[in-house]
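Let me begin by presenting the structure, written as structure tokens, before commenting on it.
Protein chains: 2
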Amino acid sequence: MYDVAVIGTGAAGISAVLTLQALNTELVWLGPPRLSPKISAAEKIRNYPGLPMVSGDEMREVFLRQTQEMGITVTPKNVTGIYAMSDHYGILCGQEMFEAKAVILCTGVESVKPIPGELEFVGRGVSYCATCDGFLYKGKTIAVECTTKDLEHEIRYLASLAEKVYLVPLYPNSEITAENVEIIRKKPLGIEGTKKAERLVFADREVDVDGVFMLKRAIAPSVLLSGLETVDGHIVTDRQCRTNLKGCFAAGDCTGRPYQYAKSVGEGNVAAHAAIEYINQR
Amino acid sequence: MYDVAVIGTGAAGISAVLTLQALNTELVWLGPPRLSPKISAAEKIRNYPGLPMVSGDEMREVFLRQTQEMGITVTPKNVTGIYAMSDHYGILCGQEMFEAKAVILCTGVESVKPIPGELEFVGRGVSYCATCDGFLYKGKTIAVECTTKDLEHEIRYLASLAEKVYLVPLYPNSEITAENVEIIRKKPLGIEGTKKAERLVFADREVDVDGVFMLKRAIAPSVLLSGLETVDGHIVTDRQCRTNLKGCFAAGDCTGRPYQYAKSVGEGNVAAHAAIEYINQR
Numbered sequence: 009m010y011d012v013a014v015i016g017t018g019a020a021g022i023s024a025v026l027t028l029q030a031l032n033t034e035l036v037w038l039g040p041p042r043l044s045p046k047i048s049a050a051e052k053i054r055n056y057p058g059l060p061m062v063s064g065d066e067m068r069e070v071f072l073r074q075t076q077e078m079g080i081t082v083t084p085k086n087v088t089g090i091y092a093m094s095d096h097y098g099i100l101c102g103q104e105m106f107e108a109k110a111v112i113l114c115t116g117v118e119s120v121k122p123i124p125g126e127l128e129f130v131g132r133g134v135s136y137c138a139t140c141d142g143f144l145y146k147g148k149t150i151a152v153e154c155t156t157k158d159l160e161h162e163i164r165y166l167a168s169l170a171e172k173v174y175l176v177p178l179y180p181n182s183e184i185t186a187e188n189v190e191i192i193r194k195k196p197l198g199i200e201g202t203k204k205a206e207r208l209v210f211a212d213r214e215v216d217v218d219g220v221f222m223l224k225r226a227i228a229p230s231v232l233l234s235g236l237e238t239v240d241g242h243i244v245t246d247r248q249c250r251t252n253l254k255g256c257f258a259a260g261d262c263t264g265r266p267y268q269y270a271k272s273v274g275e276g277n278v279a280a281h282a283a284i285e286y287i288n289q290r
Numbered sequence: 009m010y011d012v013a014v015i016g017t018g019a020a021g022i023s024a025v026l027t028l029q030a031l032n033t034e035l036v037w038l039g040p041p042r043l044s045p046k047i048s049a050a051e052k053i054r055n056y057p058g059l060p061m062v063s064g065d066e067m068r069e070v071f072l073r074q075t076q077e078m079g080i081t082v083t084p085k086n087v088t089g090i091y092a093m094s095d096h097y098g099i100l101c102g103q104e105m106f107e108a109k110a111v112i113l114c115t116g117v118e119s120v121k122p123i124p125g126e127l128e129f130v131g132r133g134v135s136y137c138a139t140c141d142g143f144l145y146k147g148k149t150i151a152v153e154c155t156t157k158d159l160e161h162e163i164r165y166l167a168s169l170a171e172k173v174y175l176v177p178l179y180p181n182s183e184i185t186a187e188n189v190e191i192i193r194k195k196p197l198g199i200e201g202t203k204k205a206e207r208l209v210f211a212d213r214e215v216d217v218d219g220v221f222m223l224k225r226a227i228a229p230s231v232l233l234s235g236l237e238t239v240d241g242h243i244v245t246d247r248q249c250r251t252n253l254k255g256c257f258a259a260g261d262c263t264g265r266p267y268q269y270a271k272s273v274g275e276g277n278v279a280a281h282a283a284i285e286y287i288n289q290r
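Chains A and B supply the protein sequences, listed in that same order. Position one of the first sequence corresponds to residue 9 (our numbering), numbered consecutively onward. Position one of the second sequence corresponds to residue 9 (our numbering), numbered consecutively onward.
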């Protein structure tokens, strides 16, 4: 069992792991190993103290080197669900489970909002995780909405299983070409069905499906961890970065605006201290 | 009238001014011009994202250069009082007054706690500001407690005015030598008097005085700004770094633990955004 699981490799996650490591905490750090693609999105960062006028790419390199020099490595897993046990958390990554006494959510925000029916049908035909649920749709017809090119390997995996894939890429330059994949370049308006997801609806057509995969950088936090209090999609935290769930902390964009590197770094630090205090007081 | 006055040149103040400047805000930045001496106090900083394993001195140089490159300069003034007007703040520095629509307090924490009688007699024989009140004690007998060597120029100024100075330096290697200065290397236990401060008391002696100057890096925030809500010496803020007073924000060590560069930098950023939002909504 780890002391702390840090979920997310953006600025908040980096700050949290640096502090946890400096204080000799047993930690597991889950997320994209080359750090969150969001870090390198900025063209020029003018207001981060210590790195004058860097590009996002330069910042990413500095952060990456710093964590490596501290002996911290990312466990490159996509977290698909978090479960509050009586005295610890189980963090599910596909088929693999990690356990930690405390968890720090640094999951960012997904700019793409859930569509009508999405949250309603999660677990009943709607899935956020190709590697978890893909095998359920072997030989079936599915729709796959994907918000980011990074996740195309998951699309390929799904296309290798399903009979037919309606692919809805919400980014330009999709590179998926396969006989059983039909690309639809439109925003889906909703998911419909009676007891489970049965149709993905667009303005001018609808497709009948057995399931819908929504591949996103960040899953809505309240879906990721049941019972977590959110307002307008942001995790509610106090000044110690505590959420409404004991032993669960949150930092960075997922807790709300301003969406700024400095703010994320600050909260990652505060959350790390709060998590250590929580563990010591257990 | 400035948009925002930032008070304090530690990590929180630096982060606030970088963000305010990046967003084209009219700002005045008050404090020690070579930045807060606290920044350079650390031997090695292991957990500040972006500056791996720097010393405090190295961090100070990076921060200083960055603010200079952004065209931001410190107004080297010691803030002695802040006054809430109907729609703005007046910031008194000795005899000089600055006005701003909003104020961000990044005043740090003073590790030296007030002694009995100190807060009680502020304005009645106890002063935090040599340049403000020194002339009142021309030809009189005063005690001067000083917590930091940086402020020795204020001691010299007082010694040039007063007939007799009992100097209580709370740091090693005081360099003050003057005929009318008697150094007492003991911790004062309290200030006594009937209607005003009349005596500074030590374990084994007491000295009769006309006034007592307490020269510190940070004045207790609730003394600096009347009506400001504090708990255990820390300014009470919400997650937007708002205090209980409209248009007054606080960031960094003065808002509480953890006393960490990353936390201060994060709050400075958040306070800057909150101040801008406040001004825009006025």
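We treat Cβ as the ideally placed atom computed from N, Cα and C, and that holds for glycine.
Alpha-carbon spacing of residue i relative to residue j, whole angstroms
{"i": "residue 63(B)", "j": "residue 48(B)", "result": "7 Å"}
{"i": "residue 176(B)", "j": "residue 106(A)", "result": "57 Å"}
{"i": "residue 272(A)", "j": "residue 26(B)", "result": "16 Å"}
{"i": "residue 19(A)", "j": "residue 224(B)", "result": "35 Å"}
{"i": "residue 183(B)", "j": "residue 172(B)", "result": "17 Å"}
{"i": "residue 159(B)", "j": "residue 69(B)", "result": "21 Å"}
{"i": "residue 14(A)", "j": "residue 163(B)", "result": "50 Å"}
{"i": "residue 104(B)", "j": "residue 82(B)", "result": "15 Å"}
{"i": "residue 192(A)", "j": "residue 87(A)", "result": "27 Å"}
{"i": "residue 141(B)", "j": "residue 185(B)", "result": "22 Å"}
{"i": "residue 284(B)", "j": "residue 249(A)", "result": "24 Å"}
{"i": "residue 226(A)", "j": "residue 73(A)", "result": "24 Å"}
{"i": "residue 169(A)", "j": "residue 188(A)", "result": "10 Å"}
{"i": "residue 45(A)", "j": "residue 209(A)", "result": "30 Å"}
{"i": "residue 32(A)", "j": "residue 78(A)", "result": "11 Å"}
{"i": "residue 201(B)", "j": "residue 151(B)", "result": "14 Å"}
{"i": "residue 145(A)", "j": "residue 228(A)", "result": "23 Å"}
{"i": "residue 120(A)", "j": "residue 268(A)", "result": "19 Å"}
{"i": "residue 59(A)", "j": "residue 233(A)", "result": "34 Å"}
{"i": "residue 92(B)", "j": "residue 253(B)", "result": "8 Å"}
{"i": "residue 76(B)", "j": "residue 84(A)", "result": "40 Å"}
{"i": "residue 290(B)", "j": "residue 96(B)", "result": "11 Å"}
{"i": "residue 238(B)", "j": "residue 94(A)", "result": "36 Å"}
{"i": "residue 174(A)", "j": "residue 52(A)", "result": "37 Å"}
{"i": "residue 50(A)", "j": "residue 65(A)", "result": "8 Å"}
Rounded Cβ spacing between residue i and residue j (contact assumed at less than 8 Å)
{"i": "residue 80(A)", "j": "residue 280(A)", "result": "In fact, because the Cβ distance is near 12 Å, the residues do not count as touching under 8 Å."}
{"i": "residue 30(B)", "j": "residue 54(A)", "result": "4 Å"}
{"i": "residue 270(A)", "j": "residue 57(A)", "result": "7 Å"}
{"i": "residue 218(B)", "j": "residue 157(B)", "result": "Their Cβ separation, rounded to whole angstroms, is 25 Å, which puts residue 218(B) and residue 157(B) out of contact at 8 Å."}
{"i": "residue 236(A)", "j": "residue 256(A)", "result": "7 Å"}
{"i": "residue 198(A)", "j": "residue 122(A)", "result": "Incorrect: roughly 10 Å between the Cβ atoms, too far for contact."}
{"i": "residue 101(A)", "j": "residue 43(A)", "result": "Not really, about 17 Å apart at Cβ, beyond 8 Å."}
{"i": "residue 128(A)", "j": "residue 196(A)", "result": "That belief does not hold up - the Cβ atoms of residue 128(A) and residue 196(A) are roughly 14 Å apart, past 8 Å."}
Chain-ordered neighbours of residue i on chain A, where CB pairs are closer than 9 Å
{"i": "residue 54(B)", "result": "26, 27, 29, 30 and 78"}
{"i": "residue 40(B)", "result": "Simply none; closest approach about 17 Å."}
{"i": "residue 247(B)", "result": "245, 246, 247, 263 and 264"}
{"i": "residue 70(B)", "result": "57, 58, 59 and 60"}
Selected residue, minimal CA-CA separation from residue i, among the options
{"i": "residue 166(B)", "options": "181(B), 216(B), 221(B) and 78(B)", "result": "221(B)"}
{"i": "residue 12(A)", "options": "19(A), 18(A) and 34(A)", "result": "34(A)"}
{"i": "residue 287(A)", "options": "110(A), 213(A) and 215(A)", "result": "110(A)"}
{"i": "residue 9(B)", "options": "98(B), 174(B), 151(B) and 66(B)", "result": "98(B)"}
{"i": "residue 108(B)", "options": "51(B), 59(B), 230(B) and 36(B)", "result": "36(B)"}
{"i": "residue 265(B)", "options": "240(B), 138(B), 76(B) and 161(B)", "result": "240(B)"}
{"i": "residue 130(B)", "options": "89(B), 52(B) and 21(B)", "result": "89(B)"}
{"i": "residue 118(A)", "options": "230(A), 85(A) and 215(A)", "result": "230(A)"}
{"i": "residue 274(B)", "options": "114(B), 138(B) and 212(B)", "result": "114(B)"}
{"i": "residue 21(A)", "options": "253(A), 276(A), 290(A) and 289(A)", "result": "276(A)"}
{"i": "residue 40(A)", "options": "71(A), 161(A), 143(A) and 16(A)", "result": "16(A)"}
Any non-hydrogen atom of the ligand ADP within 8 Å of residue i CB
{"i": "residue 11(A)", "result": "The ligand ADP is not part of the structure shown, which contains no ligands of any sort."}
Chain A residues whose Cβ lies nearer than 7 Å to that of residue i
{"i": "residue 23(B)", "result": "57 and 270"}
{"i": "residue 19(B)", "result": "57"}
{"i": "residue 281(B)", "result": "266"}
{"i": "residue 289(B)", "result": "What residue 289(B) touches in chain A: nothing, since even the nearest Cβ is about 15 Å away."}
Residues that residue i contacts on chain A, provided the C-beta gap is smaller than 8 Å
{"i": "residue 274(B)", "result": "270, 271, 272, 273, 274, 275, 277 and 278"}
Chain B contact residues for residue i, given Cβ-Cβ distances below 8 Å
{"i": "residue 257(A)", "result": "Simply none; closest approach about 13 Å."}
Residue i: contacting residues in chain B (beta-carbon distance under 9 Å)
{"i": "residue 82(A)", "result": "Here the premise fails: no neighbours, minimum Cβ distance about 15 Å."}
{"i": "residue 103(A)", "result": "Near residue 103(A) there are no residues of chain B at all, since even the closest Cβ is about 32 Å away, more than 9 Å."}
Stretch-stretch touch, CB-based, cutoff 8 Å, three pairs: the segment 132-150 of chain B with the segment 203-216 of chain B: yes
Contact between the segment 178-196 of chain B and the segment 230-250 of chain B (3+ Cβ pairs under 8 Å): no
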